[in-house]
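Quick note: the sequence shown, position 275, residue 275 per full-length UniProt numbering, numbers continuous.
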Amino acid sequence: MSIITHDEARNTARNSSFYRAMAILPRAQRDAMFEIYSFCRAVDDIADGEGTREEKTAALDHWRRDIRALYEGDHAGLAEGLINALRDFSFEQDDFLAVIDGMQMDVDEHIVAPDAQKLDLYCDRVASAVGRLSVRVFGLPEQDGIDLAYHLGRALQLTNILRDVDEDAGLGRVYLPRELLSNVAIANPTPETVAACENLDPVCRPLLTQAETHFDKAAAIMAARPHAEIRAPMIMYLAYRAIWRRLDSRGFSAPRQRIATPKLAVLGAFLRYGLF
Numbered sequence: 001m002s003i004i005t006h007d008e009a010r011n012t013a014r015n016s017s018f019y020r021a022m023a024i025l026p027r028a029q030r031d032a033m034f035e036i037y038s039f040c041r042a043v044d045d046i047a048d049g050e051g052t053r054e055e056k057t058a059a060l061d062h063w064r065r066d067i068r069a070l071y072e073g074d075h076a077g078l079a080e081g082l083i084n085a086l087r088d089f090s091f092e093q094d095d096f097l098a099v100i101d102g103m104q105m106d107v108d109e110h111i112v113a114p115d116a117q118k119l120d121l122y123c124d125r126v127a128s129a130v131g132r133l134s135v136r137v138f139g140l141p142e143q144d145g146i147d148l149a150y151h152l153g154r155a156l157q158l159t160n161i162l163r164d165v166d167e168d169a170g171l172g173r174v175y176l177p178r179e180l181l182s183n184v185a186i187a188n189p190t191p192e193t194v195a196a197c198e199n200l201d202p203v204c205r206p207l208l209t210q211a212e213t214h215f216d217k218a219a220a221i222m223a224a225r226p227h228a229e230i231r232a233p234m235i236m237y238l239a240y241r242a243i244w245r246r247l248d249s250r251g252f253s254a255p256r257q258r259i260a261t262p263k264l265a266v267l268g269a270f271l272r273y274g275l276f
């Protein structure tokens, strides 16, 4: 398979809603966030793209080598786009590697009904690790930033999982935890049995409550910080909180209509936090 380069991911990302949301930031911060996003898009495209498991692992290993080279001052290859951002914001190498490890989890196997501990590890790698990179750009104090990344990352990822239950099942994946699937007597879960379940409320409502708790804790952290530090994460918070509310209202009984990002909520968040 061909390896997704940082430049290819950057070109794709320019038309994304994320890129438009990050346009509110000062240039150095905006450029750094764009590079983080492009890195995440590149490794995600490897995990979700075509190719054998061996080819995908080799491609992710290539990224691992180049991230390590970036920190060692060697030729950074695929990671060269991150050079200026690393100089300006002193990211932790382990957070980039954690994101790659999260992609590797999807490559190693189609995740089907992980236990709660494995699900939390997955959320940390694919979401909170990205948050730990991002909060350095936003300028939050270190512990506040780590705490915000922990709670907001998990809130966003759990919301994504709940929104995409049927879509993920169609791809052979089930991120709903095994312990909760027992609530609907699915002892040996498969994507097919989960997608066919008429009422997933007993499984999904507890996760919805977990996400709400993380949203509330993220909001409390942001409420104590200056406006300039939390503009970008607040926009993400408000957009995903709107998705959460729609999930809460819709429920998880079949047919589960797909919920898109509410455009008015995003616009309202942008007007409130992006312009003032």
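Positions of the beta carbon are idealized from the N, C-alpha and C atoms, including for glycine.
Asked: If you pair each beta-carbon of the segment 108-116 with each one of the segment 126-143, do three or more pairs fall below 8 Å?; Found: no
Asked: Judging by CA-CA distance, which residue of 181, 165, 91 and 177 is the nearest neighbour of residue 122?; Found: 177
Asked: Based on the DSSP output, what are the partners of residue 174 in its beta bridges?; Found: 112
Asked: Report yes if the C-beta distance between residue 64 and residue 100 is below 8 Å; otherwise report no.; Found: yes
Asked: May I have the straight-line CA-CA distance separating residue 70 from residue 161, to the nearest angstrom?; Found: 32 Å
Asked: What's the C-alpha gap between residue 68 and residue 37?; Found: 18 Å
Asked: In whole angstroms, what is the alpha-carbon distance linking residue 230 and residue 240?; Found: 15 Å
Asked: With a Cβ-Cβ cutoff of 8 Å, do residue 192 and residue 254 count as a contact?; Found: no
Asked: I want to know whether the segment 167-182 touches the segment 92-99 - three or more CB-CB distances under 8 Å.; Found: no
Asked: Out of 136, 76, 53 and 150, which one is the CA nearest neighbour of residue 89?; Found: 136
Asked: Within the same chain, show all residues whose beta-carbon is closer than 6 Å to that of residue 150, passing over the 5 residues directly before and after it, in chain order.; Found: 128
Asked: Buried or exposed, going by whether 16 or more other CB atoms sit within 10 Å of the CB of residue 171?; Found: exposed
Asked: Checking the sheet assignment: what are the DSSP bridge partners for residue 199?; Found: 253
Asked: Evaluate residue 168 with the Cβ neighbour count: other Cβ atoms within 10 Å of its Cβ, from every protein chain shown; 16 or more gives buried, anything less gives exposed.; Found: buried
Asked: Just to confirm, are residue 56 and residue 42 a CB contact at a threshold of 8 Å?; Found: no
Asked: Measuring only from the beta carbon, is residue 156 closer than 7 Å to any heavy atom that is part of the ligand HEM?; Found: Although the ligand HEM was asked about, the structure shown includes no ligands whatsoever.
Asked: Which runs of the alpha helix (DSSP H), 4 residues or longer, sit entirely within the segment 65-116?; Found: 83-89 and 93-108
Asked: If you drop the 5 nearest sequence neighbours on each side, which residues of the same chain put their C-beta closer than 7 Å to that of residue 103?; Found: 43, 44, 46, 47 and 60
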